[in-house]
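In the working numbering, the protein residues as written are 23 to 400.
The block underneath contains the structure these notes are about, expressed in structure tokens.
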């Protein structure tokens, strides 16, 4: 299993690097032609677009470096690997895009203040048309690969390429407008292009920062993992799933399982190992810890009490779930965990109300409750 995961990661990284190299070649080709034509025609919009192509090429270089660093083996300082290096490369790319957009906007404003009459030729229209076609094909290809290998950098590059195609098409429209009306909107179009570039960079930055800060797990992924765990006949409940992301498609996690209180330590050990292996095989998630909730199976009174306590707890606003219930008649104690929604304005107040309500219903029992969070809540 480990060799399979290593080979898969190596193939993914190779795909990202090859795709990035194709992007670099295409963008350098377009940047050179646009810069040349923009210089000859004195078109600030074309020159601005050429700068954007250079920033796209630089972004692909950063993607390659980030992919290389992310593929390094775990070490003592980074025992979970270096996968998050991809997020750092995405941060650099977004800042580079923002810088390019701001620089281009400043140059466009200078041209608005001190206008230069553009000089279009047939080659101008040909180059712009080629740019539109190349960017459309490149964008579709890069984004499709990004979706297939779950690379945020490639997906953003694909979207950026599509936007470049639209921008280049707008430049072509402006050129045609000037030829037939002698009305030059080049500088203004350059400013608009620059602002669009800045907007794209800011959106990329926000998306990457969200991943760095730690996003909630995909609810479907959480449901699928819990369903896999629940497929074992000894497991009557799967709760408290927490996943930590260490790069795209690299998850470590933990959860609690509810099992009969009669299960032996030997059987429990085998069960936990089997669950860990199956979750890794089906979902490529490494479960580093599996906690245990014991389920009353030898006391009929516990079933009635569980149903009643559940009804009391779930009647409270913002309570999403109760689990881990166990009734100890000998020690006169009731224990359970309660999941409170992130929407609750005061989690502790809700928790206190839950504990008080259960204690009022069973004053002769001590209530040992704990607050839980649903980390896949949407």
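We put the CB at the ideal spot given by N, CA and C, even for glycine.
Per DSSP, the unbroken alpha helix (DSSP H) holding residue 299 starts and ends at 287-305. The criterion of a C-beta distance shorter than 8 Å is not satisfied by residue 259 and residue 225.
Across the set 162, 380, 175, the C-alpha of 175 shows the shortest separation from the C-alpha of residue 269. Taking C-beta atoms as the reference points, residue 57 and residue 131 fail to come closer than 8 Å. Residue 160 has its alpha-carbon roughly 10 Å from the corresponding atom of residue 166.
A direct Cα-Cα distance of roughly 15 Å separates residue 310 from residue 103. Considering only 267, 237, 266, 278, the residue with the shortest C-alpha distance to residue 252 is 278. Counting C-beta pairs with one atom in each stretch, the stretch 353-363 and the stretch 377-396 have three or more that are closer than 8 Å, which means they touch. Around the beta carbon of residue 232, a 10 Å sphere encloses fewer than 16 other beta carbons of the protein chains shown; the residue is thus reported as exposed. When secondary structure is reduced to three states using DSSP, residue 278 falls in the strand class. In the same chain as residue 327, and ignoring 5 residues on each side of it, the C-beta atoms closer than 6 Å to its own belong to 349, in chain order. By the C-beta criterion, the stretch 34-45 is judged to be in contact with the stretch 84-100, since at least 3 inter-stretch pairs fall below 8 Å. Look at residue 239 here: in three-state DSSP terms it is coil, with no helix or strand label.
Of the candidates 370, 154, 120, 324, 370 places its Cα closest to the Cα of residue 338. Residue pairing by DSSP places residue 163 in no beta bridge whatsoever.
DSSP places residue 343 within a strand segment (E or B) once states are collapsed to three.
Residue 30 has its alpha-carbon roughly 14 Å from the corresponding atom of residue 95.
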